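Here's the structure we're looking at; comments come further down.
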Amino acid sequence: MLDTAPPQYRLLDHADHYARWSGLAIGLVVAQGLSTLGDVEYEQRVVFCITAFGLCAVAGVLLADALTLRPQEAVRTASLAPRLVRDHVPPRMGPLIVLQGVSLVVLLVITAATASVDPDRIFVTGKVVATTCNGMRETLGPWPGLYYSLPTFGALAIATPTCFWALRRIAHGPGEEQQRRDRAWAVTGAWGLLVSSQQLYAVLMVSVSLTDTGCAGALGALTFWVFYPLALLNLFTVVWSLVTVVAPRAVDDEAAEDAEDEAFDDE
Numbered sequence: 108m109l110d111t112a113p114p115q116y117r118l119l120d121h122a123d124h125y126a127r128w129s130g131l132a133i134g135l136v137v138a139q140g141l142s143t144l145g146d147v148e149y150e151q152r153v154v155f156c157i158t159a160f161g162l163c164a165v166a167g168v169l170l171a172d173a174l175t176l177r178p179q180e181a182v183r184t185a186s187l188a189p190r191l192v193r194d195h196v197p198p199r200m201g202p203l204i205v206l207q208g209v210s211l212v213v214l215l216v217i218t219a220a221t222a223s224v225d226p227d228r229i230f231v232t233g234k235v236v237a238t239t240c241n242g243m244r245e246t247l248g249p250w251p252g253l254y255y256s257l258p259t260f261g262a263l264a265i266a267t268p269t270c271f272w273a274l275r276r277i278a279h280g281p282g283e284e285q286q287r288r289d290r291a292w293a294v295t296g297a298w299g300l301l302v303s304s305q306q307l308y309a310v311l312m313v314s315v316s317l318t319d320t321g322c323a324g325a326l327g328a329l330t331f332w333v334f335y336p337l338a339l340l341n342l343f344t345v346v347w348s349l350v351t352v353v354a355p356r357a358v359d360d361e362a363a364e365d366a367e368d369e370a371f372d373d374e
């Protein structure tokens, strides 16, 4: 049978895949370039690299969504049930990623408030935190104060409303159900990659700072019971988000199989 699809449709058939993958590839190239900035300290370069990679991943997914082909002869039918964003995002990882995003903002606000800041140079200080150990006052760092967290706040301010707008557009726009789910999962994965990678590095910075003292005490216990598990959770989310951006349907199919197995076990 001859392929009667117009040439532009054949060309764009897999353009969404290439856009998502290109976003990740460009992010790696940009991150590699930022890592060679010799006049910027190491911790700040890592922040720049993580932020740039996450934003490139989000941009690639949004471009992929714009290039996704809609059904050529789709017939729109009325539905009594309105389409909701939560019905298209991952049922388990979606709420977890939102919770991680909220906790990231809370963590950065706390670290910014507790950092040692010079009032005359507020945007270039806040790299350490002052503490008292055995009656001696010392500074611990690197600490994710404003000096390190400003790029993160900027990235979240750009990516969060953009991704939410994309999810609303997907949920209420045309397209097949599976296609909308794939697009929504990819957007969720891109935002999750940005959030979890930022939180992972912030948690590692806090953990190193709190344990780099001769009297860790309660700080060491806090790191062991709170920040180490949080770092592992973020590492898992980074991997899941990366796989979801690369192949959202593969992750969706695996989740559907797990749900079917659980339903079968309940019976």
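Position in the sequence shown counted from 1, then plus 107, gives you the working numbering. Using N, Cα and C, we set each Cβ at its ideal position, and we do this for glycine too. All values derive from a computational prediction rather than experimental measurement.
{"Query": "Among the residues of its own chain, which have a CB less than 8 Å from the CB of Ser304, if the five just before and after it don't count?", "Result": "Ile157, Phe160, Gly161, Asn341 and Val345"}
{"Query": "Tell me which same chain residues have a C-beta within less than 6 Å of the C-beta of Asp123, skipping the five on either side of it?", "Result": "Ala171, Leu174 and Thr175"}
{"Query": "Would you list the one or two residues that DSSP bridges to Val236?", "Result": "Leu247"}
{"Query": "Please classify Pro268: is it buried, with 16 or more other beta-carbons within 10 angstroms of its beta-carbon, or exposed?", "Result": "exposed"}
{"Query": "From Phe343 to Ser142, what does the alpha carbon distance come to, in whole angstroms?", "Result": "24 Å"}
{"Query": "Since Gly282 and Val352 are thought to touch, with beta carbons under 8 Å apart, how far apart are those beta carbons, to the nearest angstrom?", "Result": "So it is not a contact: roughly 19 Å between Cβ atoms."}
{"Query": "Quick check on Gly145: does DSSP put it in helix, strand or coil?", "Result": "coil"}
{"Query": "Is the Cβ-Cβ distance between Gly167 and Ser129 less than 9 Å?", "Result": "yes"}
{"Query": "What residue does the alpha helix (DSSP H) around Gly201 start on, and which one ends it?", "Result": "Met200 to Thr221"}
{"Query": "Using 10 angstroms around the beta-carbon of Gly248, count the other beta-carbons present and answer buried if the total reaches 16, otherwise exposed.", "Result": "buried"}
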